[in-house]
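Trainee: Before we start, here is the structure in question, set down as C-alpha cells.
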Amino acid sequence: MIAIYKKLPGTNCGKCGAVTCMAFAMKVKKAQASFADCPFTEAVLSGETQPQQATTAFSNYEQVSDDLEKEALKVDFRNAAEAVGGEYQSCDNSEVIRLRMLTRQYEVRKDGLFMDDRHCNDAWTRIIIYDYVRRKGRKPLTGEWISLGNFPHTASHVKAFQSNAERKVTETFRSDFSALKQRCSEMGGSEIEGRIKADYTACCDLLPRVPLYLSIWQADEEFDPDCRIQFDSGAEDYIDIEYLAYLLELFVEELTGCEL
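The following block contains the structure:
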C-alpha cells in the first residue's frame, strides 16, 4: 500500500473515485482498482515506465513474507514469545507462539503462520507478524505518547494518513459517542482515565507490545468533535513504522466498519 501511494500525486482530488490517494492505494493493493484509474499516472504508464514495470514493486509481497518467515522461524521461540508478549507453548516436541493482532488470534509454528488452525496466506499479515517476532523488541515501552508522524524519519505521507484516520473516526461517531465506546470494548480496548483531558480515552493493542491510544472530544457549543490517535514512542523497536501505518488503517476500518 505504501509503495503504491508513493507513486500517486498525493492531491486527494477524488478523480479516481476514492476519497483520498491513500484510500485508492489500498484499493489497488486489494485488487479492487487499477493503478491506471488515477488520471495522473498516465506519464508513468505511457512514458519510460510501462504498466508491468510500474506494478513490479507491488507484486513482491509474497517474496518478502517468505523471506521474513525464514528469519522468524529460526528464532528461539521461548525467548521470542516473552519478548513480544506472546504465549509460548510446547507439546510433543512442537513449539508455538500464540499472539493476537487486532481482534484475531494467530499461531507461529515451525511450519508457518496459522489462524483458526489453518495456514494464513495473507501476505501482509505474514509480513507484519513475522517481522514482529524476528525483531524481538527488547526495549521497554516508554509511556510517552506520540502521533505516527512524530516517529523519527517518518515520511510526510504518513502524517496525512493519520489525519485521514482520525477524521474517519470523528465522522463516524460524531453523534453516537456510546457506539464508539462499545466498539472499542468489543475490540478489546480498555478505558484510561486521567492521562489526557479528553471525554474518552481507550487503549487498544494492535499487537501485544504495540498499544494504540484513542482519545475523543465530544462536540460542544464552541468546538466540533475531535479525535487523536497516538502510540508509545518505543513502538518502533517492535514494528516498522510503515507497517504500523497499515495496522492503523486496519484498526480504523474495523472500528468504524468503513474503508479509510
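Per the numbering used here, the very first residue in the sequence shown carries number 404; after that it's consecutive. Glycine is no exception: its CB is placed at the ideal position from the N, C-alpha and C atoms. These numbers come from a predicted model, not from an experiment.
Per DSSP, what kind of secondary structure is Ala605 in: helix, strand or coil?
Mentor: Taking the sequence shown and counting its residues from 1, the one referred to as residue 605 is at position 202. Three-state result, Ala605: strand.
Trainee: Are the CB atoms of Asp602 and Gly540 within a distance shorter than 8 Å?
Mentor: Here residue 540 refers to the residue found at position 137 of the sequence shown. Here residue 602 refers to the residue found at position 199 of the sequence shown. No, they are not a contact pair.
Trainee: Out of curiosity, what's the CA-to-CA distance linking Gly417 and Met429?
Mentor: In the sequence shown, counting from the first residue as 1, residue 417 sits at position 14. In the sequence shown, counting from the first residue as 1, residue 429 sits at position 26. Near 14 Å, if we compare the C-alpha coordinates of Met429 and Gly417.
Trainee: If you run the structure through DSSP and keep just helix, strand and coil, what is Ile632?
Mentor: Along the sequence shown, read from residue 1 onward, the residue named residue 632 stands at position 229. Correct three-state label for Ile632: strand.
Trainee: Do Tyr646 and Met404 have their beta-carbon atoms positioned less than 8 Å apart in this structure?
Mentor: Locating residue 404 in the sequence shown gives position 1, counting from the first residue. Locating residue 646 in the sequence shown gives position 243, counting from the first residue. No, Cβ-Cβ distance for Met404 and Tyr646 is not below 8 Å.
Trainee: Quick check on Ile599: buried or exposed, where buried means 16 or more other Cβ atoms within 10 Å of its Cβ?
Mentor: Position 196 of the sequence shown, counted from the first residue, corresponds to residue 599. So Ile599 counts as exposed.
Trainee: Just checking my contact of Asp534 with Asp623 at CB under 8 Å: how many whole Å lie between their CB atoms?
Mentor: Locating residue 534 in the sequence shown gives position 131, counting from the first residue. Locating residue 623 in the sequence shown gives position 220, counting from the first residue. Not confirmed; about 43 Å, so no contact.
Trainee: Determine the DSSP secondary structure at Thr423, reduced to helix, strand or coil.
Mentor: Counting from one through the sequence shown, the residue named residue 423 turns up at place 20. Three-state result, Thr423: coil.
Trainee: May I ask you to report which of helix, strand or coil DSSP gives Thr617?
Mentor: On the sequence shown, position 214 is the one that residue 617 refers to. The identity of residue 617 in the sequence shown is Leu, whereas the question assumes Thr. Leu617 falls in the strand class under three-state DSSP.
Trainee: For Glu510, which beta-bridge partners are listed by DSSP?
Mentor: On the sequence shown, position 107 is the one that residue 510 refers to. According to DSSP, Glu510 bridges with Arg501, Phe517.
Trainee: Tell me which same chain residues have a C-beta within less than 8 Å of the C-beta of Ser497, skipping the five on either side of it?
Mentor: Here residue 497 refers to the residue found at position 94 of the sequence shown. Arg512, Lys513.
Trainee: Which term fits Pro614, buried or exposed, when burial requires 16 or more other beta carbons within 10 angstroms of its beta carbon?
Mentor: For this step, residue 614 is matched to residue 211 along the sequence shown. Looking at its Cβ environment, which holds 16 or more other Cβ atoms inside 10 Å, Pro614 is buried.
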